[in-house]
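Presented below is the structure to which this report refers.
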Ligand SMILES: Cc1cc2nc3c(=O)[nH]c(=O)nc-3n(C[C@H](O)[C@H](O)[C@H](O)COP(=O)(O)OP(=O)(O)OC[C@H]3O[C@@H](n4cnc5c(N)ncnc54)[C@H](O)[C@@H]3O)c2cc1C
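Residue numbers (this note's numbering): 6 to 443.
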């Protein structure tokens, strides 16, 4: 057997897997097509690029993703370590300076003597028998995506969108006020742009009327429900945005003591606060329409300088429950393991977890022992339940998912209230994890 493990894709999953394997003494060949070739969403030269938000979401373990952070830290995750080292203030969320984060991951992976980097696009799947991990993500290069589609015979695409970023100096600070929701975490890690009811109505009307990027003839846009474009949400009802990304609860304006009708929240992109992300404002409006509508209709952005516009992208995933074995290897070609967003997990942290799990599965295969999955009651175990289809009702259509408590096995006994249930999930996960990661 070829001793090297080939990893295709140096994103979150691929970098995590490469580092885990190298640290375990396994030689790795890591293929990453950047900087020679970039997907439409990738711009940085390094590994592990966060393509949209700079947030790894809540760091509070009473939230399923915060629990996953905790488990990844306990399992020795490279990505979580680098995120902690490059953290920027963001309330109780784990947000990072994306450039420093990518640089840190790149440096740590490249410092591993057992990692060989190949700076080229993989246009075919490794033929075997050497083991390989496919971690090319939601924007897998076309040639490879075509081969994977042929192998899987399954649907490979749905659509996702990213939010714009504005330059700090172009935000009107007479209008914006600093406050994080309910004053959590740093209290002032967010800027808020307040709307009264009339301004909000006019904004929603402008979104509905604004010109959208037309899908190509053969495309039927299908969006991830957790990342809907704002104009799609606006089309579902006039107050939907005000109850979604523009929700003003916990964001009273300190200057008036009153809660606005709606807000646009801005989250800092870097520690110095030179760039701010419009939280939840992913959109497929044309760039011209975005500039016009945001400048004319969002209070405080009249002179906004956009560092990145919102965009919409293909998001490739395979039907994991049908195609993958329990250890994330492809049933039809067991030398190929899949990891990250391409398996139908959704999110940076979930993709990282996929890389860690695939690395563990590869180590078990190489050692000739059966795969030892994490206990089901842990967040890592819940992700595997999702990938195997066991977290979903029989016959349900497979859709990408973030880590959420509904993926976990049901709790025993009757527990009253959401908080009590969250604590019970947390307690069970903490009790079970040491069986896997002593
Ligand atoms: C537009 C968009 C916005 C998103 N926004 C968010 C967000 O805000 N928050 C969030 O939590 N998640 C977001 N996601 C979801 C997802 O979690 C991230 O995309 C995440 O980066 C996936 O991690 P990954 O390691 O699976 O893939 P990636 O991080 O995309 O890594 C894959 C790597 O493989 C490389 N590659 C691709 N094809 C080839 C090839 N043929 N040969 C060699 N290299 C190749 C790419 O250059 C890339 O570096 C978004 C996804 C998309 C598409």
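No residue lacks a Cβ here, since even glycine has one placed at the ideal position from N, Cα and C.
For this session: Consult DSSP for residue 9 and reduce its assignment to one of helix, strand or coil.
Result: The residue you call residue 9 lines up with position 4 of the chain shown. Correct three-state label for residue 9: coil.
Exercise. How should residue 346 be labelled, buried or exposed, when 16 other C-beta atoms within 10 angstroms of its C-beta is the threshold for buried?
Worked result: As a working mapping, residue 346 is identified with position 341 in the chain shown. When all chains shown are included, residue 346 counts as buried.
Exercise. What is the DSSP secondary structure of residue 348, counted as helix, strand or coil?
Worked result: Along the chain shown, one-based indexing puts residue 348 at 343. It is helical.
Problem set entry | Residues bridged to residue 273 (per DSSP) | On the chain shown, position 268 is the one that residue 273 refers to. 281, per the DSSP bridge assignment.
Exercise. Under 8 Å, do residue 331 and residue 378 count as touching if we go by C-beta distance?
Worked result: Looking up residue 331 in the chain shown gives position 326. Looking up residue 378 in the chain shown gives position 373. It is a contact, given that the beta carbons lie within the stated cut-off.
For this session: Return helix, strand or coil for residue 137, following the three-state DSSP convention.
Result: Your numbering for residue 137 matches position 132 in the chain shown. In the structure shown, residue 137 sits in a strand (DSSP, three-state: E or B).
Exercise. Is there a Cβ from chain C that is less than 8 Å from the Cβ of residue 204?
Worked result: In the structure shown, chain C cannot be found, because there is only a single protein chain.
For this session: Could you check if residue 340 is buried or exposed, using at least 16 other CB atoms within 10 Å of its CB as the buried criterion?
Result: Here residue 340 refers to the residue found at position 335 when the chain shown is read from its first residue. That one is buried.
Problem set entry | Backbone secondary structure at residue 93 - three-state DSSP | For this step, residue 93 is matched to residue 88 along the chain shown. Strand, per DSSP.
For this session: Take the Cβ of residue 254 as the centre, count every other Cβ of all protein chains shown within 10 Å, and call the residue buried at 16 or more, exposed below.
Result: Here residue 254 is taken as the residue at index 249 of the chain shown, counted from 1. It is exposed - the Cβ of residue 254 has fewer than 16 other Cβ atoms within 10 Å.
Exercise. Does at least one heavy atom of ligand 1 sit under 7 Å from the Cβ of residue 143?
Worked result: Along the chain shown, read from residue 1 onward, the residue named residue 143 stands at position 138. Under cutoff, so the answer is yes.
Problem set entry | Whole alpha helix (DSSP H) elements within the region 327-400, 4-residue minimum | 353-372, 384-393
For this session: To the nearest angstrom, report how far apart residue 101 and residue 273 are at their CA atoms.
Result: Locating residue 101 in the chain shown gives position 96, where the first residue counts as 1. Locating residue 273 in the chain shown gives position 268, where the first residue counts as 1. When rounded, the distance between both Cα atoms is 9 Å.
Exercise. Do residue 168 and residue 282 have their C-beta atoms closer together than 8 Å?
Worked result: Residue mapping note: residue 168 aligns to position 163 of the chain shown, counting from 1. Residue mapping note: residue 282 aligns to position 277 of the chain shown, counting from 1. Contact flag set, yes.
For this session: Taking the CB atoms as reference points, tell me whether residue 387 and residue 354 lie closer together than 8 Å.
Result: Counted from its first residue, the chain shown places residue 387 at position 382. Counted from its first residue, the chain shown places residue 354 at position 349. Not closer than 8 Å, so no.
Problem set entry | Neighbourhood of residue 410 by C-beta distance below 6 Å, restricted to the same chain and skipping five residues each side | Here residue 410 is taken as the residue at index 405 of the chain shown, counted from 1. Once the five neighbours on either side are set aside, the close Cβ partners of residue 410 are 69, 430.
For this session: Enumerate in chain order the residues of its own chain whose CB-to-CB distance from residue 238 is below 8 Å, with the five nearest sequence positions on each side excluded.
Result: The count along the chain shown starts at 1 and reaches residue 238 at position 233. Excluding sequence neighbours, residue 238 sits near 245, 246, 249, 250.
Exercise. Does the beta carbon of residue 57 fall short of 7 Å from some heavy atom of ligand 1?
Worked result: For the purposes of this step, residue 57 is identified with residue 52 of the chain shown, where counting begins at 1. Result yes, Cβ under 7 Å from ligand 1.
Exercise. Secondary structure at residue 132, three-state DSSP: helix, strand or coil?
Worked result: Here residue 132 corresponds to residue number 127 of the chain shown, with the count starting at 1. In this structure, residue 132 counts as coil in the three-state DSSP scheme.
Exercise. Is residue 19 near ligand 1, with its Cβ less than 7 Å from a heavy atom?
Worked result: Locating residue 19 in the chain shown gives position 14, where the first residue counts as 1. Checking every heavy atom of ligand 1 against the Cβ of residue 19, one is found closer than 7 Å.
Problem set entry | Residue range of the unbroken beta strand (DSSP E) whose run includes residue 404 | As a working mapping, residue 404 is identified with position 399 in the chain shown. Where residue 404 is concerned, there is no enclosing beta strand (DSSP E), given that its DSSP letter is neither H nor E.
Exercise. In three-state DSSP terms, what is residue 318?
Worked result: In the chain shown, residue 318 corresponds to position 313, counting from 1. The answer is strand: DSSP assigns residue 318 an E or B state.
Exercise. Using the beta-carbon count (16 or more within 10 Å), is residue 367 buried or exposed?
Worked result: The residue given as residue 367 occupies position 362 in the chain shown. That one is buried.
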